[in-house]
Amino acid sequence: MKTYKIACIPGDGIGKEVIPAGQEVLQALAAAGPDFRFEFSSFGWGGDWYRAHGRMMPDDGLAQIRDVDAILFGSAGDPQIPDHVTLWGLRLKICQGFDQYANVRPTRILPGIDAPLKRCTPRDLDWVIVRENSEGEYAGVGGRVHQGHPIEVATDVSILTRAGVERIMRFAFKLAQSRPRKQLTVVTKSNAQRHGMVMWDEIALQISKEFPDVKWDKELVDACTARMVNRPASLDTLVATNLHADVLSDLAAALAGSLGIAPTGNIDPERRYPSMFEPIHGSAFDIMGKGLANPVGTFWSCVMLLEHLGERETAARLMKAIEEVTADTRLHTGDLGGKAKTADVTAAVCQRLKNR
Ligand code: IPM
Ligand code: MG
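Counting with my numbering, you get residues 230 to 585 for the letters of the sequence shown.
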């Protein structure tokens with residue numbers, strides 16, 4: 230029997246609640262079939278680790294998880310620690326250290342979920358946002374001089390490399406090609422950002438020639454927000470820079486009903502390193518420790534994890550169980566206007582996996 234090694238990093242806040250829920254669901258899947266099993270290792274990195282050790286993860290942290298098949302990540306963020314420290318010290322360290330350059334964010338309106346757009350049916354909103362995850366506005370290049378003086382200067386330089394843009398464009402075109410509509414929207418801002426984004430557009434055109442069967446168009450990022458609201462059905466797969474896609478994916482999640490259901494995969498398409506899957510909701514300190522967190526974002530991330538491992542059938546089975554559960558509004562957590570608890574939703578999904 231195959232054994233998949235999964236590193237679990239719950240991190241901070243509700244990550245500590247939803248990641249164990251995700252493990253429970255993965256165990257239930259493995260128990261229901263004879264095909265494979267999971268071997269989990271857990272890492273207590275994050276805000277608590279920082280308070281104890283002065284950093285978010287150990288110096289040899291990457292080496293410790295280098296050889297797993299996939300990583301399941303909760304969230305990083307702590308009210309007592311500056312956000313840029315928690316982000317750069319853990320999540321970006323893993324994403325950039327393992328060159329997980331493609332961040333994939335699917336959005337759909339799941340059954341039973343009340344989405345805010347009137348005139349929009351679940352069929353009209355089925356998107357995947359591909360976020361460049363290794364450079365751009367998150368390259369970390371910049372600095373501060375003359376700190377505290379009136380002449381203080383601070384810069385954050387967005388870095389776009391030809392190699393980096395080519396590989397994310399190729400990944401996005403390939404993903405668009407694999408979906409029924411074979412349609413890609415390249416999000417840009419080359420009217421205002423006249424160097425990097427102009428190269429981005431040029432490379433999109435160049436890579437599009439390798440995919441003659443993919444229909445593609447270009448959209449300015451600001452216009453894209455309006456298009457997502459006004460003409461959701463005109464979009465399918467989108468590719469955008471790190472920061473543009475960060476903003477668009479929160480809008481996408483909200484339009485689909487809740488940030489609590491949105492999943493993501495930080496993927497190394499070349500499989501040199503393990504890829505990392507996580508809900509996008511963040512640490513949500515206002516509800517932590519109360520059992521109120523919606524675990525659906527983590528479960529959907531587990532679907533992506535299984536797809537990445539090549540377990541497509543099992544992934545589809547989990548997605549079906551998730552959709553059956555969201556369809557029952559009595560199983561909605563607070564973010565969806567319901568009263569269910571994390572444990573109720575988890576038990577309901579596990580139950581459906583047992584009764585296959
Ligand atoms: C996301 C999040 C992160 C980001 C935060 C937590 C820094 O918003 O995954 O979209 O901006 O990348
Ligand atoms: Mg974000």
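Built from N, CA and C at the ideal position, the CB exists for glycine as well. Computed from a predicted structure; not experimentally measured.
Could you give the residue range of the beta strand (DSSP E) that holds residue i?
{"i": "residue 335", "result": "331 to 337"}
{"i": "residue 387", "result": "382 to 388"}
{"i": "residue 412", "result": "412 to 417"}
{"i": "residue 492", "result": "492 to 496"}
{"i": "residue 323", "result": "No beta strand (DSSP E) holds residue 323; the alpha helix (DSSP H) holding it covers 321 to 326."}
{"i": "residue 301", "result": "299 to 304"}
{"i": "residue 516", "result": "Where residue 516 is concerned, there is no enclosing beta strand (DSSP E), given that its DSSP letter is neither H nor E."}
Is there at least one non-hydrogen atom of the ligand MG closer than 6 angstroms to the beta-carbon of residue i?
{"i": "residue 479", "result": "yes"}
Can you list, in chain order, the residues of its chain with a C-beta nearer than 7 angstroms to that of residue i? Leave out the 5 residues immediately preceding and following it.
{"i": "residue 529", "result": "490, 492, 551"}
{"i": "residue 269", "result": "235, 237, 252"}
{"i": "residue 558", "result": "341, 567"}
Within the same chain, show all residues whose beta-carbon is closer than 6 angstroms to that of residue i, passing over the 5 residues directly before and after it, in chain order.
{"i": "residue 432", "result": "394, 395, 398"}
{"i": "residue 349", "result": "461"}
{"i": "residue 548", "result": "532"}
{"i": "residue 446", "result": "414"}
Please tell me whether, using a cut-off of 6 angstroms, the distance from the CB of residue i to the nearest non-hydrogen atom of the ligand IPM is below it.
{"i": "residue 475", "result": "yes"}
{"i": "residue 316", "result": "yes"}
{"i": "residue 358", "result": "no"}
{"i": "residue 509", "result": "yes"}
Taking only the alpha-carbon atoms, compute the straight-line gap between residue i and residue j and give it to the nearest angstrom.
{"i": "residue 370", "j": "residue 520", "result": "39 angstroms"}
{"i": "residue 440", "j": "residue 475", "result": "26 angstroms"}
{"i": "residue 250", "j": "residue 508", "result": "12 angstroms"}
{"i": "residue 379", "j": "residue 258", "result": "60 angstroms"}
{"i": "residue 237", "j": "residue 510", "result": "17 angstroms"}
{"i": "residue 366", "j": "residue 583", "result": "45 angstroms"}
{"i": "residue 535", "j": "residue 325", "result": "22 angstroms"}
{"i": "residue 430", "j": "residue 417", "result": "7 angstroms"}
{"i": "residue 245", "j": "residue 303", "result": "7 angstroms"}
{"i": "residue 313", "j": "residue 412", "result": "35 angstroms"}
{"i": "residue 356", "j": "residue 328", "result": "24 angstroms"}
{"i": "residue 540", "j": "residue 546", "result": "10 angstroms"}
{"i": "residue 427", "j": "residue 419", "result": "5 angstroms"}
{"i": "residue 341", "j": "residue 485", "result": "11 angstroms"}
{"i": "residue 575", "j": "residue 554", "result": "9 angstroms"}
{"i": "residue 502", "j": "residue 301", "result": "14 angstroms"}
{"i": "residue 336", "j": "residue 344", "result": "12 angstroms"}
{"i": "residue 307", "j": "residue 571", "result": "21 angstroms"}
{"i": "residue 334", "j": "residue 354", "result": "13 angstroms"}
{"i": "residue 524", "j": "residue 247", "result": "5 angstroms"}
{"i": "residue 580", "j": "residue 506", "result": "23 angstroms"}
{"i": "residue 384", "j": "residue 368", "result": "12 angstroms"}
Give every residue of the same chain whose Cβ lies closer than 8 angstroms to the Cβ of residue i, excluding the five residues on either side of it in the sequence, and list them in chain order.
{"i": "residue 382", "result": "373, 374, 375"}
{"i": "residue 319", "result": "238, 240, 274, 275, 285, 286, 305"}
{"i": "residue 436", "result": "395, 398, 399, 402"}
Where do the N-terminal and C-terminal ends of the alpha helix (DSSP H) with residue i fall, by residue?
{"i": "residue 396", "result": "391 to 407"}
{"i": "residue 279", "result": "276 to 282"}
{"i": "residue 457", "result": "450 to 459"}
{"i": "residue 533", "result": "525 to 537"}
{"i": "residue 471", "result": "471 to 484"}
{"i": "residue 571", "result": "571 to 583"}
{"i": "residue 555", "result": "541 to 556"}
{"i": "residue 439", "result": "No alpha helix (DSSP H) holds residue 439; DSSP gives it neither H nor E."}
{"i": "residue 355", "result": "Run containing residue 355: none in the alpha helix (DSSP H); it sits in the beta strand (DSSP E), 355 to 361."}
{"i": "residue 340", "result": "Per DSSP, residue 340 belongs to no alpha helix (DSSP H) and is neither H nor E."}
{"i": "residue 290", "result": "290 to 294"}
* Asked: Three or more C-beta pairs closer than 8 angstroms, one from the stretch 460 to 478 and one from the stretch 286 to 293: is that the case here?
  -> no
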